[in-house]
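Participant:
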Amino acid sequence: MSKLKIGILGSGRGSNFEAIARAIEKGQLIADLRVVISDIETSGILKLARARQIRAEFVYPGNFRTKMAPDSETRVVKILQEEGVKLIALAGYMRVVKQPLLEAFSRRILNIHPSLLPRFPGLEAWRQALEAGESVTGCTVHYVEATVDAGEIIAQEKVPILVGDTPISLHQRIQAAEHRLYPSVLATVATGLI
Ligand code: GRF
192 MSKLKIGILG SGRGSNFEAI ARAIEKGQLI ADLRVVISDI ETSGILKLAR ARQIRAEFVY
252 PGNFRTKMAP DSETRVVKIL QEEGVKLIAL AGYMRVVKQP LLEAFSRRIL NIHPSLLPRF
312 PGLEAWRQAL EAGESVTGCT VHYVEATVDA GEIIAQEKVP ILVGDTPISL HQRIQAAEHR
372 LYPSVLATVA TGLI
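So the mapping is simple: the working numbering equals the position in the sequence shown, first residue as 1, plus 191.
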C-alpha cells in the first residue's frame with residue numbers, strides 16, 4: 192500500500208513531532224515522515240528528527256520576526272517537493288505561513304493550536320484561557336490559511352482547567368491532548384489523500 196508522504200515544520204521542543212513519529216511506528220498512522228524543517232538551528236525538533244534518522248533541515252528564515260523571507264520559504268517548498276511531500280503538519284512552527292508555501296500546498300497544511308479556536312488565537316493560548324477564568328480549554332487541529340489561527344477547523348479536544356492550575360500545568364495537560372489528537376487527525380486526513 193502506498194503511504195502518504197508528510198513533512199513537519201516546527202520551531203520548538205518537538206513533542207508533537209515525537210507523538211506523530213510514534214503513531215507511525217505503531218501503525219496507527221499510515222504515513223511516510225520524510226522531512227522535518229525548522230527555522231531554529233538548535234531546536235529540539237531537529238535533534239529528535241536526527242535521532243530517528245529522519246531528514247532534518249534548518250532553513251535560515253531571513254530578517255523577519257514573524258514570517259520567513261520569501262527566498263527562505265521557496266527553499267522550504269523545494270525541500271518538501273524534493274521529498275514528494277503531499278501533506279504538511281505544522282507542529283509548534285512559530286512563523287506565519289505565506290506564499291509560496293500556501294500556494295504550493297493549498298489545503299494540505301495542518302496546524303495544531305493550544306486552545307478551542309476561535310477562542311484564544313495567538314501566543315500562549317493556555318495562559319490566555321487561564322487569565323480569562325475559563326473552566327474548559329483544549330486544542331484544535333485546523334487547515335492553515337492566510338489568516339493566522341483562522342483556517343477551517345478539523346477537530347478539537349477539550350481539556351479541563353483545574354483549581355490551582357498554573358500556565359505550566361495547564362499547558363502540559365493541553366499538550367497531552369495534542370499528542371492524542373494530532374496523530375489521529377492526521378490518520379483520518381491521510382486516508383482521504385491516498
Ligand atoms: C504546542 O503547544 C502547539 O499547540 C503550539 O506549539 C507547541 C509546540 O510544542 N502550536 P512541541 O514543539 O510540539 O513540543
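Beta carbons: idealized from backbone N, C-alpha and C, even for Gly.
Note that the coordinates shown come from a computational prediction; the quantities given were computed from them, not determined experimentally.
1. Three or more beta-carbon pairs under 8 Å between the region 259-272 and the region 231-244, yes or no?
2. What are the partner residues of P351, as DSSP defines its beta bridges?
3. For I359, is the classification buried or exposed, using 16 other Cβ atoms within 10 angstroms of its Cβ as the cut-off for buried?
4. Starting from S206 and walking both ways along the alpha helix (DSSP H), at which residues does that stretch end?
5. Can you list every residue whose CB sits closer than 7 Å to some heavy atom of the ligand GRF, going in chain order?
6. Does the region 246-255 come close enough to the region 276-285 to have 3 or more Cβ pairs within less than 8 Å?
7. At a cut of 8 Å, does the region 361-375 reach the region 301-313 through at least three beta carbon pairs?
8. Once the 5 residues before and after V288 are set aside, which same chain residues still bring their CB inside 6 Å of it?
9. State the DSSP-derived secondary structure class of K238, mapped to helix, strand or coil.
10. State buried or exposed for A337, treating a residue as buried only when at least 16 other CB atoms are found within 10 Å of its CB.
11. Please state whether the Cβ-Cβ distance between D223 and K194 is less than 7 Å.
12. Is DSSP giving Y373 helix, strand or coil here?
13. Once you ignore the five residues that flank I352 on each side, which residues in its own chain have a CB closer than 7 Å to its CB?
14. Based on DSSP bridge pairs, tell me the residues matched to V332.
15. Identify every residue that forms a DSSP beta bridge with L224.
Facilitator: In terms of the structure at hand:
1. no
2. On the sequence shown, position 160 is the one that residue 351 refers to. Answer by DSSP bridge pairing, in chain order: V327.
3. Walking along the sequence shown from the start, residue 359 turns up at place 168. Exposed: under 16 other Cβ atoms inside 10 Å.
4. Walking along the sequence shown from the start, residue 206 turns up at place 15. Residues S206 to E216.
5. G201, G203, R204, G205, S206, N207, F208, G235, I236, A282, G283, N302, I303, H304, P305, C330, H362, I365, Q366 and E369
6. With the cut-off at 8 Å, the region 246-255 and the region 276-285 do not touch.
7. yes
8. Locating residue 288 in the sequence shown gives position 97, counting from the first residue. Closer than 6 Å at the Cβ level, and outside the excluded window around V288, lie V335.
9. Within the sequence shown, the letter at position 47 stands for residue 238. Taken through DSSP and simplified to helix, strand or coil, K238 comes out as helix.
10. The residue labelled residue 337 in the question sits at position 146 within the sequence shown. Per the 10 Å Cβ criterion, exposed.
11. As a working note, residue 223 is residue 32 in the sequence shown. As a working note, residue 194 is residue 3 in the sequence shown. Taking 7 Å as the Cβ cut-off, D223 and K194 qualify as a contacting pair.
12. The sequence position of residue 373 within the sequence shown is 182, counting from 1. Annotated three-state conformation of Y373 is helix, per DSSP.
13. Taking the first residue of the sequence shown as 1, we reach residue 352 at position 161. A distance below 7 Å between beta-carbons, with the five flanking residues on each side excluded, links I352 to the following residues of its chain, in chain order: A320, L321, E325, S326, V327, T328 and L361.
14. By 1-based counting over the sequence shown, the position of residue 332 is 141. Paired residue(s): I303 and A346.
15. As a working note, residue 224 is residue 33 in the sequence shown. DSSP, once it has assigned bridges, lists I197 as partnering L224.
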